[in-house]
Structures are given as C-alpha cells and as structure tokens.
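*Asks:*
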Amino acid sequence: MSRLVVSNLSINRAELPVVTSVDLIAESGAISVVLGANGAGKTTLLEGLSGVIPVAGGTIAIDGRALQKARPGARSREGLAHVEQGRTVFRQLTTEENLRVSLHPGADIGEAYALFPELVQRRTVKASLLSGGEQQMLVIARALLTRPKVLLIDEMSAGLAPVIVTRLMTAVRKLADDGLAVVLVEQFAALALSIGNRAYVMRRGRVVYDGDCAKLRQSPGELHRLYLGGTETCRPDG
Amino acid sequence: MSGRTMRSGADLDRPFPDWEKMNALLTSAVAGLTAGGTYALLGVCAVFTYRLVAVVNFTGASIGAAVTFVLIALFEAGFPIWPSVLAGIAAGTLTGVAIGYIMTRWFGEASASTKAAVTVALLVGLIAVGLRLTGGQHPHNMPELFPGSAFRLAGVEVTIASVLTIGLAVLFTILSDLFLNRTKVGLNLRALADRPMAAELLGVRVQLLSLLVWGMTGAFTTFALMIIAPQRSPNFMTLSLLVVPALAAALIGLFRSFWWTLAGGIALGIVEGLASSIESVSQYRGAIPFLVVLAVLLWSQREARWDEAR
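Residue numbers (numbering that gives the first Met the number 0), protein chains in the order written: chain F, 0 to 237; chain C, 0 to 309.
Quick look at the structure:
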C-alpha cells in the first residue's frame with residue numbers, strides 16, 4: 000500500500016502564487032480526480048508534485064519519504080510518475096524505443112502491450128507518426144514501465160475523440176484496480192468523476208472541495224457552483 | 000570510338016598534357032585529405048553534441064586549441080610529451096564538462112538558438128583569452144605527436160598524422176553510431192535530446208548523461224587538435240576557427256547523419272585542396288566552407304520556396 004501525502008503545498012510562477020496551501024492524498028487502488036476551470040492551478044499542482052517547477056512551501060511525501068526538494072529524476076526513482084499534458088512522446092524514437100527508455104529492471108515491456116494491445120502493431124513506427132490516441136496510450140504505458148507507486152496524469156483527454164477518451168479512462172481505472180495510486184487532472188469532469196474515488200476541485204489555486212467523487216457526480220449543480228463561485232472550502236467527508 | 004586525336008610515334012613517349020593536369024589535381028586532392036579528416040572529426044563531434052544535448056556547439060575547436068597550447072607550454076617547459084598529452088586530454092575533458100555544466104545548469108530548457116548563442120559567446124571569450132595568453136597569432140613550435148610519412152599517394156607523402164586523423168574520424172563515427180543505436184545509454188541520450196524534461200521525469204539521469212557527452216567530445220576534439228596542430232598554422236585563432244568548416248561538414252549531414260558528416264568533411268578538405276591548385280580561385284579557398292553552408296541552407300529550404308511559388 001503506497002500513499003502520496005501533500006500538505007500545505009504552495010507553488011509560485013514568476014513569483015506570483017498559483018497554488019496556495021493545497022492538501023491532497025492519493026492512495027493505492029484509488030483515483031484522486033483534480034477538477035477546476037482553466038487557470039485554476041491544476042497543471043501547476045502536478046508540475047510542482049513531480050518537480051518540473053520548484054515548490055515555494057509545504058511538503059510532498061510518498062510512504063513518509065519527503066520529496067519536495069528532490070529533482071524530477073529522483074522523484075521518479077522514488078515511485079512518482081508524471082504523464083504531462085501534450086503527449087510528450089520522444090518523436091524520433093519508435094514506439095518500442097519509447098517504452099525501453101523507461102523500462103525499470105523489474106518491469107517487462109509486455110505489461111505495456113497488455114494494457115494497450117493497440118500499440119503492438121505500431122511497435123516499429125516512429126512515435127511522431129502515431130495518432131493522438133496512440134501517443135497518449137504510449138506515454139501512459141511508458142510511465143507504467145518505471146514501476147511507479149503514484150501516477151500523475153494531466154489532461155489526457157485533450158484533443159481526443161470521445162471513444163478514445165473512454166478507452167483511456169478504462170485503462171486508468173484498471174491501473175488503479177491493480178494497486179496504483181492515481182492523481183488525474185481532467186477537464187471532462189463527468190467522465191473523470193465516473194472512474195474516480197476522491198475528488199478535489201480547485202479554484203484560483205486553492206482546493207475548494209475535497210470529497211467523494213460519487214457524491215459530486217450526483218449533484219451537477221454543486222459542481223457548477225464550485226467551478227464558478229462560492230467562498231468556503233467544502234469537505235463533505237470531513 | 001572516342002573523339003581523342005591519334006598521336007604519332009614520336010609523341011608517344013610524352014605524357015598527355017591532360018594527364019599532367021589530372022595528376023596535379025589528384026596531388027592537390029590528396030594533400031587536402033589531412034584538412035578533410037580534421038573537418039570530418041570536428042564535424043562528427045558537433046553532430047554528436049547536437050543530437051544528444053541539442054546544442055550547436057561553437058566551442059569544440061577552441062577547447063581543443065586551448066588545451067593544445069597547454070601542451071605546447073608544457074613541452075616548451077621541458078615536460079615529456081606523452082604525459083603532457085594525457086594531461087591535455089584530461090584538461091580537454093574537464094573543460095568540456097565545465098561548459099556542459101553551464102549549459103545544463105542554466106540553459107537546460109532554453110531554445111536551440113539561445114544555446115547556440117551561449118556557445119558563440121563562450122567561443123568569443125575563449126578566443127580573446129587564448130590570444131592574450133598565447134601571444135596573439137605568433138606561431139609556436141608545436142611538437143609532432145606522430146611524425147613521418149605513412150605512404151605515398153599520387154606523388155604526395157601522406158603523413159601518419161593525416162591517416163590517424165581520418166582514422167579517428169571514422170572510428171568516432173562508427174562508435175557514435177553503435178553507441179546511439181545499440182546501447183541503453185545511447186537510447187536514453189536520444190530521448191534526452193528530444194525532450195529533456197520528459198526523459199528526466201522517467202528517471203533518466205539527465206545531467207550526468209549530458210556531462211558525459213560534453214566530456215567525450217571534449218576529449219576527442221582535444222586529441223584531434225593535438226595531432227593536426229603541427230600541420231596547420233599553430234596559432235590560437237586559426238585552430239579555433241576550424242569550427243567553421245566543421246559546422247559546414249555537420250550541415251552536410253544535416254546535423255543528423257554521422258556518415259554524411261564524415262563524407263562531407265573529407266570532401267570539403269579535398270575541394271579545398273583542389274582549389275589551392277587552381278590559380279584563379281586558390282586565394283578564395285578559405286571561403287569554400289561558407290559557400291557550402293549557404294548551398295546546404297538554400298537546398299534545405301527548397302521545399303518551402305517551392306510551396307510558396309505554387
């Protein structure tokens with residue numbers, strides 16, 4: 000059982016606060032969904048967690064090991080994998096070479112193809128020539144082969160057809176069911192809430208809702224209010 | 000039947016005037032091999048750096064030049080030659096690593112043009128300091144590491160140093176190709192060159208690998224410059240500006256192909272040699288790399304121009 004615990008995290012961009020005092024937990028077997036309007040600070044939060052940008056304050060720990068001062072590579076080796084937005088495949092490498100870059104000594108490349116059999120027949124194709132959906136599958140599979148404890152996924156549905164988004168969501172749910180802790184940042188709120196366990200809604204860099212995904216999914220009006228207004232932080236389950 | 004005129008018996012003892020010209024050109028071409036090997040080796044090092052750390056490096060030759068002058072100073076001070084060479088290669092490696100540290104620490108996420116501009120600035124700085132410390136463009140007495148002739152070709156003595164320079168260029172090309180395409184470290188370096196942050200997020204030791212690349216190219220260029228310095232005008236400026244034909248060779252390989260860069264560098268040296276034997280163009284032979292750069296850039300833009308014309 001692995002556990003990512005984020006406490007009182009603050010992140011600045013160009014010395015301006017973008018994420019302020021965020022608390023977040025991600026546990027093995029569960030998907031923590033982070034929602035919010037554009038500019039709410041969701042991507043900045045993930046970039047701070049993985050070390051792409053430095054944090055201004057607070058703590059990040061996996062299984063009690065503090066990571067907030069470690070470089071991105073060190074955080075990865077501690078079990079934190081980050082699937083960035085924008086499908087960051089290595090364009091000049093083939094599908095298989097992309098997977099081999101991240102291959103942990105204890106992992107098998109077959110795990111990636113088992114998760115996304117669509118990639119098998121594209122193994123010798125340059126990643127730049129894959130479709131958007133295949134590229135998204137590749138970056139998720141590539142992250143999986145680092146043997147992560149916690150998987151951060153940023154906006155994986157952007158620019159993809161609904162049928163592909165549903166396929167990806169199913170795969171992410173399976174990863175969580177297999178024991179991974181997942182933090183999923185997503186614009187398609189309804190779809191994300193349907194596979195998630197715990198929801199966080201961010202507005203202007205702060206968490207304004209921290210609770211059960213199912214409850215939020217059943218009250219679209221509440222979600223709408225959280226996106227657009229309201230002042231107090233809601234923590235339905237305490 | 001060719002159009003050649005039949006010759007009388009008395010003329011048969013004399014060679015064809017055309018053959019004499021051909022022989023002179025061949026001699027010049029062979030003489031250009033030494034320079035060609037140098038351009039090829041430095042060009043392949045430039046491609047290696049560009050493909051692996053995404054930097055068009057203008058400092059390669061000047062690092063080699065700086066260390067070569069350290070070797071000259073040690074030699075003139077009475078130090079034995081080979082320990083001085085080893086010390087020089089170590090210094091070249093460390094200088095490469097130091098420049099690599101600057102590039103990865105402060106310019107890791109900068110654009111390719113910014114990184115290139117930084118290396119141009121470093122080149123200018125190195126030349127300024129180098130000229131000051133080495134006494135401007137006054138030639139020095141450079142010890143020959145590999146003196147003597149290897150063989151004679153088309154009436155030209157091909158020196159051991161020339162053969163070694165070309166051999167080193169071929170060896171570096173083969174090793175680079177194998178290293179990048181057959182090893183896990185090479186694969187990681189190719190990923191790193193494409194997307195440094197994505198590679199780091201997968202646990203690739205980005206900084207360590209980048210410094211390895213800078214160190215390797217520093218060592219190779221330093222050794223190459225030490226070999227070829229006695230065969231060229233051994234002053235700091237001349238050696239540092241070898242970067243121009245080297246980058247022209249790299250451009251022939253479009254900064255991707257090691258083999259095209261190798262061939263391009265050698266061809267450039269041969270063309271320079273040929274130009275030196277033609278009186279009307281010999282004084283302009285130094286401009287040949289610039290013409291090659293211009294031609295390759297125009298060639299590479301042909302599709303855009305064609306699209307625009309349509």
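C-beta: ideal position from N, C-alpha, C; glycine also.
Do V206(F) and A25(F) come within 8 Å of each other at the CB atom, strictly closer than that value?
*Replies:* Contact flag unset, no.
*Asks:* Under 7 Å: does the beta carbon of S279(C) sit that close to some heavy atom of the ligand ADP?
*Replies:* You won't find the ligand ADP in this model; it holds no ligand whatsoever.
*Asks:* Considering Cα atoms alone, identify which of L114(F), G131(F) and L137(F) is closest to T123(F).
*Replies:* With distances taken between Cα atoms, T123(F) lies closest to L137(F).
*Asks:* Within 8 Å (strictly less), CB to CB, does A198(C) reach chain F?
*Replies:* Chain F, which has a Cβ nearer than 8 Å to the Cβ of A198(C), makes this yes.
*Asks:* Nearest-angstrom Cα distance between E110(F) and L144(F)?
*Replies:* Rounded to whole angstroms, E110(F) to L144(F) spans 8 Å at the Cα level.
*Asks:* Excluding five sequence neighbours on each side, which residues of the same chain lie with their C-beta closer than 7 Å to the C-beta of A29(F)?
*Replies:* Once the five neighbours on either side are set aside, the close Cβ partners of A29(F) are A175, A180, N196 and R197.
*Asks:* When you compare the CB of N323(C) with every CB in chain F, is at least one pair closer than 8 Å?
*Replies:* In the structure as shown, chain C starts at 0 and stops at 309, and residue 323(C) therefore has no counterpart that could be examined.
*Asks:* Let me know the secondary structure DSSP gives Y199(F) once reduced to three states.
*Replies:* In this structure, Y199(F) counts as strand in the three-state DSSP scheme.
*Asks:* Checking contacts by CB at 8 Å: is L270(F) closer than that to chain C?
*Replies:* There is simply no residue 270(F) to check, as chain F begins at 0 and stops at 237 in what is shown.
*Asks:* Apart from the five residues on each side of it in sequence, which residues of its chain come closer than 7 Å, Cβ to Cβ, to S75(F)?
*Replies:* T145.
*Asks:* With distances taken from CA atoms, which of L3(F), V100(F) and F115(F) is nearest R166(F)?
*Replies:* Comparing Cα positions, the closest option is F115(F).
*Asks:* Under three-state DSSP, which class holds K68(F)?
*Replies:* Correct three-state label for K68(F): coil.
*Asks:* Check R2(F) in the structure and name its three-state DSSP category.
*Replies:* It is a strand residue.
*Asks:* What is the DSSP secondary structure of N7(F), reduced to helix, strand or coil?
*Replies:* Strand at N7(F).
*Asks:* What residue ranges within the stretch 112–185 of chain F form continuous beta strand (DSSP E) runs of no fewer than 3 residues, ordered along the chain?
*Replies:* For the stretch 112–185 of chain F, whole beta strand (DSSP E) runs of length 3 or above, ordered along the chain, are 149–153 and 180–184.
*Asks:* Restricting to Cα atoms, I'd like to know which of L125(C), L253(C) and L152(C) is closest to V46(C).
*Replies:* The option with the nearest alpha carbon to V46(C) is L253(C).
*Asks:* Would you kindly work out how many angstroms separate the C-alpha atoms of P71(F) and G50(F), rounded to a whole number?
*Replies:* The alpha-carbon atoms of P71(F) and G50(F) are separated by roughly 5 Å.
*Asks:* Express the C-alpha separation of G217(C) and G59(C) in angstroms, rounding to a whole number.
*Replies:* Answer to the nearest angstrom: the Cα atoms are 7 Å apart.
*Asks:* Determine the burial state of M21(C): buried for a count of at least 16 other Cβ atoms within 10 Å of its Cβ, exposed for fewer.
*Replies:* With fewer than 16 Cβ atoms within 10 Å of its Cβ, M21(C) is classed as exposed.
*Asks:* Using a Cβ cut-off of 7 Å, pull out every chain C residue sitting near G72(F), in sequence order please.
*Replies:* Result: E199, G202, V203, R204 and V205.
*Asks:* For a contact meaning CB atoms closer than 8 Å, what does E133(F) contact in chain C?
*Replies:* Result: empty, since nearest Cβ-Cβ is about 17 Å, beyond 8 Å.
*Asks:* Report the rounded CA-to-CA distance for Q300(C) versus G63(F), giving the unit in angstroms.
*Replies:* Their backbone Cα atoms lie some 56 Å apart in a straight line.
*Asks:* If distances are taken between C-alpha atoms only, which option among L290(C), L93(C), N187(C) and L211(C) comes closest to E96(F)?
*Replies:* It is N187(C) whose Cα lies nearest to the Cα of E96(F).
*Asks:* Can you give me the C-alpha to C-alpha distance between L238(F) and T237(C), rounded to a whole angstrom?
*Replies:* Here chain F comprises residues numbered 0 to 237, so residue 238(F) is not present and cannot be evaluated.
*Asks:* Could you tell me the alpha carbon to alpha carbon distance between R50(C) and V182(F), rounded to whole angstroms?
*Replies:* Between R50(C) and V182(F), the C-alpha separation is close to 34 Å.
*Asks:* Quick check on DSSP: helix, strand or coil for F74(C)?
*Replies:* Correct three-state label for F74(C): helix.
*Asks:* Which residues in chain F have a C-beta closer than 8 Å to the C-beta of N187(C)? List them in chain order.
*Replies:* In chain order: V100.
*Asks:* According to DSSP, is I61(F) helix, strand or coil?
*Replies:* Three-state result, I61(F): strand.
*Asks:* Take the Cβ of E154(F) as the centre, count every other Cβ of all protein chains shown within 10 Å, and call the residue buried at 16 or more, exposed below.
*Replies:* Result: buried.
*Asks:* Quick one: any contact between the stretch 196–210 of chain C and the stretch 118–133 of chain C, if contact means 3 or more CB pairs under 8 Å?
*Replies:* Result no; under three Cβ-Cβ pairs closer than 8 Å.
*Asks:* Is any beta-carbon of chain C found at less than 8 Å from that of E96(F)?
*Replies:* Yes, E96(F) counts as interfacial toward chain C.
*Asks:* Could you tell me the boundaries of the alpha helix (DSSP H) in which D176(C) lies?
*Replies:* Element bounds for D176(C): I159 to R181.
*Asks:* Helix, strand or coil for T113(C), going by three-state DSSP, please let me know.
*Replies:* Looking at T113(C) - three-state DSSP - the assignment turns out to be helix.
*Asks:* Determine the chain F residues that contact D176(C) at a beta-carbon separation under 7 Å, and present them in chain order.
*Replies:* None at all; the shortest Cβ gap to chain F is about 15 Å.
*Asks:* Against chain C, which members of the stretch 136–159 of chain F pass a CB distance test of less than 9 Å?
*Replies:* Listed by position, the residues of the stretch 136–159 of chain F near chain C (Cβ gap below 9 Å) are V138, R141, A142, L144 and T145.
*Asks:* Using beta-carbon positions only, say whether N56(C) and T67(C) come within less than 8 Å of one another.
*Replies:* Result no, Cβ atoms of N56(C) and T67(C) do not sit closer than 8 Å.
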